[in-house]
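Take the sequence shown: its letter number 34 is residue 67 in my numbering, and every next letter is one higher. Beta carbons: idealized from backbone N, C-alpha and C, even for Gly. See below for the structure under consideration.
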Amino acid sequence: MAAFAETIHDFHIPARAGKGFRVAKGELIRITDLQGDQPCDFWAFAAENPREFLSPEHTKPSISKVCPKVGDAAYTNYRRAIVTLVEDNSIGNHDMQFAACDEARYVQLKAPMPHASCQGNLHRALEELGVDFDAVIQPWNLFTNFFILPDGGIEIRPPGTKGGDNIVLRAEMNAFIVVSACPQDMNDTCGGSPTDLRVEVGRG
């Protein structure tokens, strides 16, 4: 894991919380699972038009894979590259199948309410950025392990990441980024106990 030549931002994301920030084309984003078994819901929006956003549904046919690997881009709903995965220092499970957790999901799971959610973190972060966007869109679920069985069933397994595992993305356009340290504590999405993330933005 190489150090950035220049660090622009260094954010600590507490368990169950989210953060929004802006990046310029060419800047790098390092997302680190500090303690292990902590997923990160990730969204990216074109800065000049936030109605253009990272779309798993458009990415998968564009790369002919269920999720990007090193060297692959993630694409927007306008089929333009918005970020590229340039480094993956994890076991490489980065789901593009599941929606973000939300209040309704926790009601289904009979969780104590109110309950933090990635969807709620997204909308709060966008509001803080001054971005007017209230649609429900699918995230890129970094450090997740939603396993598809041969019979078509799905198992939610612990991520399997270790403390310090990280990925590095490169912005392919000016963009608003939102990350959420997933608060899911009703199944094995977070290995049962949500923890913190670190997000660095830099150059070189």
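Contact under 7 Å by Cβ, residue i with residue j
i: Gly193; j: Asn178; result: yes
i: Leu67; j: Arg231; result: yes
i: Val201; j: Arg63; result: yes
i: Thr109; j: Glu85; result: yes
i: Gly53; j: Ala158; result: yes
i: Ala36; j: Ala208; result: no
i: Gly224; j: Asp70; result: yes
i: Pro47; j: Asp229; result: yes
i: Cys134; j: Gln217; result: yes
i: Arg49; j: Pro172; result: no
Assumed close pair residue i, residue j - CB separation to whole angstroms, cut-off 8 Å
i: Phe176; j: Ser123; result: 6 Å
i: Lys102; j: Met129; result: Actually they do not touch by this definition, with Cβ atoms about 12 Å apart.
i: Leu87; j: Ala77; result: 4 Å
i: Gln152; j: Val169; result: 7 Å
Residues that residue i bridges to, as DSSP identifies them
i: Leu202; result: Ile62, Leu118
i: Tyr108; result: Ala114
i: Asp43; result: Glu233
i: Arg84; result: According to DSSP, which records beta bridges pairwise, Arg84 is partnered with nothing at all.
i: Gly196; result: DSSP, once it has assigned bridges, lists no residue as partnering Gly196.
i: Val56; result: Ala208
i: Cys73; result: Leu175, Ala214
i: Asp128; result: Asn174
i: Ala79; result: Ala208
i: Asn51; result: Note that residue 51 corresponds to Gly in the displayed sequence, not to Asn. Note: Gly51 sits in a beta bridge opposite Ser213.
Sequence-distant residues of its chain with Cβ nearer than 8 Å to residue i (five each side left out)
i: Tyr139; result: Met146, His148, Ser150, Met219
i: Ala38; result: Gly235, Arg236, Gly237
i: Gly196; result: Asp66, Leu67, Gln68, Gly69
Contact set for residue i: own chain, Cβ-Cβ below 7 Å, skip 5 residues either direction
i: Asp43; result: Glu233
i: Glu188; result: Phe180, Leu182
i: Glu205; result: Lys58, Ala106, Ala114, Ile115, Val116, Thr117
i: Tyr111; result: Glu85
i: His91; result: Tyr108, Thr109, Asn110, Arg112
i: Pro72; result: Asn174, Leu175, Phe176, Thr177, Pro192, Cys215, Thr222, Cys223
i: His45; result: Asp229, Arg231
i: Pro89; result: Met129, Gln171, Trp173
Coil, strand or helix - residue i by DSSP
i: Glu136; result: helix
i: Ala158; result: helix
i: Cys151; result: helix
i: Ile181; result: strand
i: Ile189; result: strand
i: Cys223; result: helix
i: Lys93; result: helix
i: Gln68; result: coil
Residues near residue i by beta carbon distance below 6 Å, same chain, minus five either side
i: Pro83; result: Val164, Phe166
i: Asn154; result: Gly51, Ser213
i: Asp121; result: Val103, Ile200
i: His127; result: Cys100, Leu175
i: Ile96; result: Asp105
i: Arg203; result: Leu61, Thr117, Val119
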